[in-house]
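A short write-up of the structure that comes next.
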Amino acid sequence: MFDLSPAEWTAIFLSLRIAVVAMIISLPFGIFTAYALARWRFPGKTLINGLVHLPLVLPPVVTGFILLILLGRKGVFGPYLADIGIVLSFRWTGAAVACAVMGFPLMVRAMRLSFESIDRRLELAAGTLGASRIWTFFLVSLPLAIPGIVVGSILAFAKALGEFGATITFVSNIPGETQTISAAIYTYTQAPGGDESAMRLTAVAIVISLVALIASEIIQRQAEKRLASFE
4 MFDLSPAEWT
14 AIFLSLRIAV
24 VAMIISLPFG
34 IFTAYALARW
44 RFPGKTLING
54 LVHLPLVLPP
64 VVTGFILLIL
74 LGRKGVFGPY
84 LADIGIVLSF
94 RWTGAAVACA
104 VMGFPLMVRA
114 MRLSFESIDR
124 RLELAAGTLG
134 ASRIWTFFLV
144 SLPLAIPGIV
154 VGSILAFAKA
164 LGEFGATITF
174 VSNIPGETQT
184 ISAAIYTYTQ
194 APGGDESAMR
204 LTAVAIVISL
214 VALIASEIIQ
224 RQAEKRLASF
234 E
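For the sequence shown, position 98 (counting from the first letter as 1) is numbered 101 according to this note's numbering, and the numbering increases by one without interruption.
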């Protein structure tokens, strides 16, 4: 059952690579967006919040098609990116971008809730002691939000690991380059005698995702206890 073939191992390692890269490239943008939505007041905030969460409600294929229009070789920005050596369509890097976009709403939501749960009196106290807003963010807000940041990162990783529609639309299903676990499962279900391979990869995907979700729940509980100690 778990005697994985080289092609299956390739799909697993590629999925993990894409998920990790997607999580890392999303992290700074996720922290900034979450903090802005949690603490700042600015025109168009509701619209920005809607755009951030749009990938959650859009069909993944639509998101992938939009990425293809924007970042494809003949897209709006694709030729300019190609001129500086960045090619995303039909590359694993493009799959990482697609996964980052799909997991971004989950990351931002978890981080935003974490920032909102911080007692603002702690931030105000730092300000009265002479700390600027930037130092208050790095010395008070960010450390207290770390559990939520970790949870958001894990959720984004889990989402990226299972993404299918957006990636296959944007970067296709190329073995060894863009064929993730989900794409490989789809390929095996369409091929005669591929049921066993599909079952093995399904089991691997379930185990990895379950471990990520359990870790997220444990960290969330620890975060609640930590925040409760400051009340």
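For each residue, glycine too, the CB sits at the ideal point set by N, CA and C.
CB-CB length for Ala218 against Ile157, believed under 8 Å | 6 Å
Kindly indicate which three-state DSSP category Glu166 falls into: helix, strand or coil?
-> coil
Determine the closest residue to Ser117 out of Leu30, Ile28, Leu147, with distance taken between C-alpha atoms.
-> Leu147
Hey, how far is the Cα of Ala25 from the Cα of Thr13?
-> 18 Å
Where Glu11 sits in the DSSP three-state scheme | helix
If you drop the 5 nearest sequence neighbours on each side, which residues of the same chain put their C-beta closer than 8 Å to that of Gly168?
-> Pro62, Pro63, Val64, Thr66, Gly67
Are there three or more Cβ pairs, one per stretch, closer than 8 Å when the stretch 76–96 is compared with the stretch 169–183?
-> yes
Would you decide whether Val55 is buried or exposed? Buried here means 16 or more other CB atoms lie within 10 Å of its CB.
-> buried
Which stretch, first to last residue, makes up the alpha helix (DSSP H) that contains Pro58?
-> 48–60
Backbone CA spacing between Phe141 and Phe80 [nearest angstrom] | 34 Å
Should Gln225 go down as buried or exposed, given a rule of 16 or more other Cβ atoms within 10 Å for buried?
-> exposed
Should Ser144 go down as buried or exposed, given a rule of 16 or more other Cβ atoms within 10 Å for buried?
-> buried
Cβ distance (whole Å) where Ile221 is taken to contact Val153 below 8 Å = Actually they do not touch by this definition, with Cβ atoms about 10 Å apart.
In angstroms, rounded to a whole number, what distance separates the CA positions of Met114 and Tyr38?
-> 8 Å
Can you tell me whether Arg124 is buried or exposed, with buried defined as 16 or more other CB within 10 angstroms of its CB?
-> exposed
Between Leu19 and Leu164, what straight-line distance do the alpha-carbon atoms span, to the nearest angstrom?
-> 7 Å
Specify the secondary structure class of Leu142 as computed by DSSP and reduced to three states.
-> helix
Could you check the C-alpha separation between Asn52 and Arg112 for me, to the nearest Å?
-> 10 Å
Closest residue to Leu57 among Leu71, Ser120, Ile209, Phe107 (Cα-Cα distance) = Phe107
Under 8 Å between C-beta atoms of Ser29 and Ala159 = yes
Roughly how many angstroms separate the alpha carbons of Leu73 and Thr36, rounded to a whole number?
-> 22 Å
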